[in-house]
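To start, the structure under review is shown below, and the notes come after it.
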Amino acid sequence: MTHASPASREALKAQIQRFLGPPATGQEHVVFVHASPRLPRVIAEMDAERLTKNLPPFSYIVVLQPGYAAQEQLPEGYLPANHAQRLLCIPFDSAFAASHDILQTISGPGIRSVVILADPLRGQDADAHAIIAATAIEKFSTLQQKTTGAPDIHTVVELHSSANRIYLKSLHVDTVVCSGELTENLLAQDCFSPGITEVFDKLLHQTPGAWHFATHAICADGPLGHLLGHTYRQLTEAIIRTHSAPLILCGFTRKFPYDAHAPHLCHLTAKKRGVIHNDKQIDLVVNPGHMSRKAAERGFLLKRGYDKDTVLQDQDRLVFMTGDREAALQCLSQMRLNNIKGT
């Protein structure tokens, strides 16, 4: 991990340029504003995502907060050695308060994103400092677009409280992640759909062997043909009874003749996504359950009356999460639903 010297603005610019290398290399980098205990995990996930796509890992610049020693924010050994070698720490006041030319050096042609973290060192003021940093970044980005035609900088801001989201409304921030809001939603939803937190946890990991979404068709002459005529409820109960089943069932898709005059009949259609397969529309049914008429009219759920007692049909496709597709299909092919009640 390299800590830039705040001796002078020009010296800092030169150090950043040496760290990033010449633009011709095509090396991409991500800028983090503020350090956080979450930083190692975020970097590890980004590296894993690049690895799965056979792309070189990012370089990282961390803009440290003023008023705190660098070692307090990013102690030695805080990041694994392979991360630390690709990470440059620079002081906040030199980078943002002194001049836009530092920001210009940081943004450079290889910038992928700016991630502004809510630093726990700031306590209750963490969100306020994240908003200040977001304002500086967006002001600079807008100016660059107007004067040089540079592309907009993709900005992600973390807030602790969803109540503070309103202060970013007037800015062109691409994404606001409210940790409190996510926690609130997951707590509520897990009461009605047990296991949903596990789904999110597995889905958001990019490390090797991570779980991912997969689909497989139910065909009369296929390995899942024995599921035809049984209900979605029977299948979910069979999976629950299977010890350590290597999948989480999420829902199913169903094709039907495309009706150009009634696209409002379903919440998600192939037409709306710009894809029509053989003049068919596709309903995507996730976690089917009972649906009130009022909820359906507001478009919260599909309007074709799907619920857990929907009978699986030929050419339906199961949607599931798994870390091993072959093991999941083998598990499904061996399930026998005859002894499980339909309701």
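For the sequence shown, the positions run 478 to 820 when the working numbering is used. Beta carbons are placed, not taken as given, at the ideal position from N, Cα and C, and that holds for glycine. If you're wondering where the values come from, they're calculated on a predicted model, not measured in any experiment.
For Cys808, tell me which candidate among Leu724, Val540, Pro586 and Leu580 has the shortest Cα-Cα distance.
To locate residue 808, count along the sequence shown from 1; it is residue 331. Nearest C-alpha to Cys808: Leu724.
Strictly by DSSP, which residues pair up with Thr730?
Residue mapping note: residue 730 aligns to position 253 of the sequence shown, counting from 1. Paired residue(s): Leu761 and Arg794.
Tyr644 by DSSP, collapsed to three states: which one?
Position 167 of the sequence shown holds residue 644. Of the three classes helix, strand and coil, the one that applies to Tyr644 here is helix, per DSSP.
Cβ-based burial, Pro533 [other Cβ within 10 Å; buried from 16]:
Your numbering for residue 533 matches position 56 in the sequence shown. Exposed, by the Cβ-count rule.
Evaluate His720 with the Cβ neighbour count: other Cβ atoms within 10 Å of its Cβ, from every protein chain shown; 16 or more gives buried, anything less gives exposed.
In the sequence shown, counting from the first residue as 1, residue 720 sits at position 243. Exposed is the call here.
Residue interval of the beta strand (DSSP E) (run including Cys566)
Within the sequence shown, residue 566 is the residue found at index 89, counting from 1. Per DSSP, Cys566 belongs to the beta strand (DSSP E) from Leu564 to Pro568.
Assuming His506 and Arg589 are in contact, meaning their beta carbons sit under 8 Å apart, how far apart are those beta carbons, in whole angstroms?
Along the sequence shown, read from residue 1 onward, the residue named residue 506 stands at position 29. Along the sequence shown, read from residue 1 onward, the residue named residue 589 stands at position 112. Going by Cβ atoms, the distance from His506 to Arg589 rounds to 7 Å, so yes, they are a contact pair.
C-alpha gap between Arg465 and Leu814, whole angstroms:
The displayed coordinates of the chain run from 478 to 820. Any statement about residue 465 would go beyond what the structure contains.
Answer yes if the stretch 483–498 comes into contact with the stretch 590–609, meaning at least three C-beta pairs across the two stretches below 8 Å, and no otherwise.
Not touching, per the Cβ criterion.
With which residues is Ser536 paired in a DSSP beta bridge?
Translated into the one-based positions of the sequence shown, residue 536 becomes position 59. Its beta-bridge partners are His506.
Could you check how far apart the C-beta atoms of Thr632 and Ile614 are, in whole angstroms? I think they sit under 8 Å.
Sequence index remark: in the sequence shown, residue 632 carries index 155 (1-based). Sequence index remark: in the sequence shown, residue 614 carries index 137 (1-based). Confirmed, about 6 Å.
Which one of Pro586, Asn641, Phe496 and Ser638 has the shortest CA to CA distance from Gly626?
What you label residue 626 is simply residue 149 of the sequence shown in a count that begins at 1. Of the candidates Pro586, Asn641, Phe496 and Ser638, the one whose C-alpha sits nearest the C-alpha of Gly626 is Pro586.
Identify whether Thr689 lies in helix, strand or coil by the three-state DSSP scheme.
Walking along the sequence shown from the start, residue 689 turns up at place 212. The amino acid occupying residue 689 in the given sequence is His; Thr does not appear at that position. Note: His689 maps to strand in three-state DSSP.
Compute the minimum distance between the beta carbon of Thr674 and the heavy atoms of the ligand NAD, and state whether it is under 6 Å.
Within the structure as shown, the ligand NAD is missing, as the structure has no ligands at all.
Cys696 by DSSP, collapsed to three states: which one?
Residue numbering aside, residue 696 sits at position 219 when the sequence shown is read from its first letter. Reduced to three states, the DSSP call for Cys696 is coil.
How far does the beta strand (DSSP E) with Ser810 in it reach, from first residue to last?
The count along the sequence shown starts at 1 and reaches residue 810 at position 333. Counting along the chain, Ser810 falls outside any beta strand (DSSP E), though it belongs to the alpha helix (DSSP H) covering Arg802 to Ser810.
Only counting the same chain, and skipping five residues up and downstream in sequence, which positions put a Cβ closer than 7 Å to that of Ser639?
To locate residue 639, count along the sequence shown from 1; it is residue 162. Hits under 7 Å: Cys655, Gly657 and Glu658.
Taking the continuous alpha helix (DSSP H) assigned at Ser618, which residues delimit it?
The count along the sequence shown starts at 1 and reaches residue 618 at position 141. Ala603 to Thr625 is the span of the alpha helix (DSSP H), which, as asked, contains Ser618.
What would DSSP say about Ser639, mapped onto helix, strand or coil?
What you label residue 639 is simply residue 162 of the sequence shown in a count that begins at 1. Under the three-state reduction of DSSP, Ser639 is assigned to helix.
When you compare only the Cα positions, how much space is there between Gln581 and Leu664?
By 1-based counting over the sequence shown, the position of residue 581 is 104. By 1-based counting over the sequence shown, the position of residue 664 is 187. About 41 Å.
Nearest to Asp629 by alpha carbon, out of Ser618, Ile695 and Thr713?
Within the sequence shown, residue 629 is the residue found at index 152, counting from 1. The candidate whose alpha carbon is nearest that of Asp629 is Ser618.
With a CB to CB cut of under 7 Å and the five nearest residues on each side skipped, what residues in its chain are close to His741?
Along the sequence shown, read from residue 1 onward, the residue named residue 741 stands at position 264. Because His741 carries a pLDDT of 39, less than 50, the predicted location of this residue cannot be relied on, and no value is offered for it.
Delimiting residues of the beta strand (DSSP E) encompassing Arg589
Translated into the one-based positions of the sequence shown, residue 589 becomes position 112. Run containing Arg589: Ile588 to Ile593, per the beta strand (DSSP E) assignment.
Pull up the DSSP beta-bridge partners for Thr799, would you.
The residue labelled residue 799 in the question sits at position 322 within the sequence shown. In DSSP, Thr799 forms a bridge with His689.
With respect to the alpha helix (DSSP H) encompassing Val519, which residues constitute its N-terminal and C-terminal limits?
Along the sequence shown, read from residue 1 onward, the residue named residue 519 stands at position 42. Run containing Val519: Leu516 to Thr529, per the alpha helix (DSSP H) assignment.
Just reading off the alpha helix (DSSP H) that Thr719 is part of, what are its end residues?
For the purposes of this step, residue 719 is taken as the residue at position 242 of the sequence shown. Counting along the chain, Thr719 falls outside any alpha helix (DSSP H), and DSSP gives it neither H nor E.
Would you kindly check if the distance between the Cβ of Val539 and the Cβ of Ala521 is under 7 Å?
For this step, residue 521 is matched to residue 44 along the sequence shown. For this step, residue 539 is matched to residue 62 along the sequence shown. The answer is no: Cβ separation not under 7 Å.
Nearest-angstrom Cα separation, counted from Asp791 out to Asp698:
To locate residue 698, count along the sequence shown from 1; it is residue 221. To locate residue 791, count along the sequence shown from 1; it is residue 314. Cα-Cα distance, rounded: 10 Å.
Quick one, which of Leu789, Lys732 and Gln622 has its alpha-carbon nearest His703's?
The count along the sequence shown starts at 1 and reaches residue 703 at position 226. Of the candidates Leu789, Lys732 and Gln622, the one whose C-alpha sits nearest the C-alpha of His703 is Leu789.
If you draw a straight line from the C-alpha of Gly600 to the C-alpha of Ile583, how long is it?
Counting from 1 along the sequence shown, the entry for residue 600 is found at position 123. Counting from 1 along the sequence shown, the entry for residue 583 is found at position 106. Straight-line Cα distance between these residues: approximately 27 Å.
To the nearest angstrom, how far is the alpha carbon of Gln504 from that of Lys623?
Start at 1 with the first residue of the sequence shown, and residue 504 comes out as number 27. Start at 1 with the first residue of the sequence shown, and residue 623 comes out as number 146. Taking the straight line joining both Cα atoms gives about 26 Å.
For Ile826, which three-state DSSP category applies?
Lying before the first or after the last residue shown, residue 826 is absent from the chain, which here runs from 478 to 820.
Where does Leu541 fall in DSSP's three states?
Mapped onto the sequence shown, residue 541 falls at position 64. In the structure shown, Leu541 sits in a strand (DSSP, three-state: E or B).
Evaluate Ala611 with the Cβ neighbour count: other Cβ atoms within 10 Å of its Cβ, from every protein chain shown; 16 or more gives buried, anything less gives exposed.
As a working mapping, residue 611 is identified with position 134 in the sequence shown. Answer is buried; the Cβ neighbour count reaches 16.
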